[in-house]
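Under our numbering, the first residue of the sequence shown carries the number 0, and numbering increases by one thereafter. Below is one structure; the comments refer to it alone.
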Amino acid sequence: MNADEKIVKILEALQEGQKTLESGQKALRADVQKQGEQLATLQDDATAVKAETGKIPAIEQRLDHQGKLLTGLTATTATVLEEQHAQRSDIRSLHTEVHESREELKGEIRAARAEAKRDNIDLKATVVKRFQSDERRITNIEEHEGIENPEKH
């Protein structure tokens with residue numbers, strides 16, 4: 000598996016993770032909305048309780064219960080908000096990691112291309128030197144032995 004395939008797999012995994020986080024965030028938003036509606040209902044109930052002062056003991060008990068519900072809702076809302084914040088941080092971190100990996104890979108590709116280019120130039124220089132050396136040797140042998148070069152005529 001080459002580096003490109005690894006990066007593609009990482010990106011796919013990141014996209015899948017992001018989709019999961021976004022669907023979780025949708026569900027959390029719906030819960031917050033529902034809790035907001037429940038909170039509004041509880042506030043209406045508290046207003047009605049104040050209007051019925053003749054039932055003070057029952058009202059006090061009900062208010063105590065509603066206070067506990069509000070505390071629970073507040074705690075749940077705080078937890079939801081903390082989780083959303085953590086998810087956003089995770090998404091940002093993943094985005095940063097992908098960007099850094101992409102930049103690192105680009106740098107490695109550039110370095111590999113430059114190295115291949117240098118190797119190609121070195122190889123060409125070696126082949127040219129060898130060719131020129133062989134040409135000189137052949138010319139010297141032809142001159143020494145008195146052999147005519149058919150390509151020169």
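Here a beta-carbon is modelled for each residue, glycine too, at the ideal position from N, C-alpha and C.
Legend entry - For I146, the first and last residue of its enclosing alpha helix (DSSP H): Unbroken run through I146: none, as it is neither H nor E.
Legend entry - Nearest to I58 (by Cα), restricted to the options A45, K67, D3, L68: A45
Legend entry - Residue nearest to K81 in terms of C-alpha spacing, selected from V31, K5, R112: Residue identity differs from the one stated: residue 81 is Glu in this sequence, not Lys. Closest option to E81, Cα to Cα, is V31.
Legend entry - Cα-Cα separation between H143 and K116, rounded to whole angstroms: 40 Å
Inset, instruction - Could you pull out every residue in the same chain whose Cβ sits closer than 7 Å to the Cβ of L41, ignoring the five residues on either side in sequence? - result: The beta carbon of L41 sits closer than 7 Å to the beta carbons of Q65, L68, L69 from its chain, once the five residues preceding and following it are set aside; these are given in chain order.
Inset, instruction - Just tell me which of T76, T73, A47, A74 has its CA closest to the CA of L62. - result: A47
Inset, instruction - Return helix, strand or coil for N1, following the three-state DSSP convention. - result: coil
Inset, instruction - Note down the Cα distance separating I140 from I146, rounded to an integer number of angstroms. - result: 8 Å
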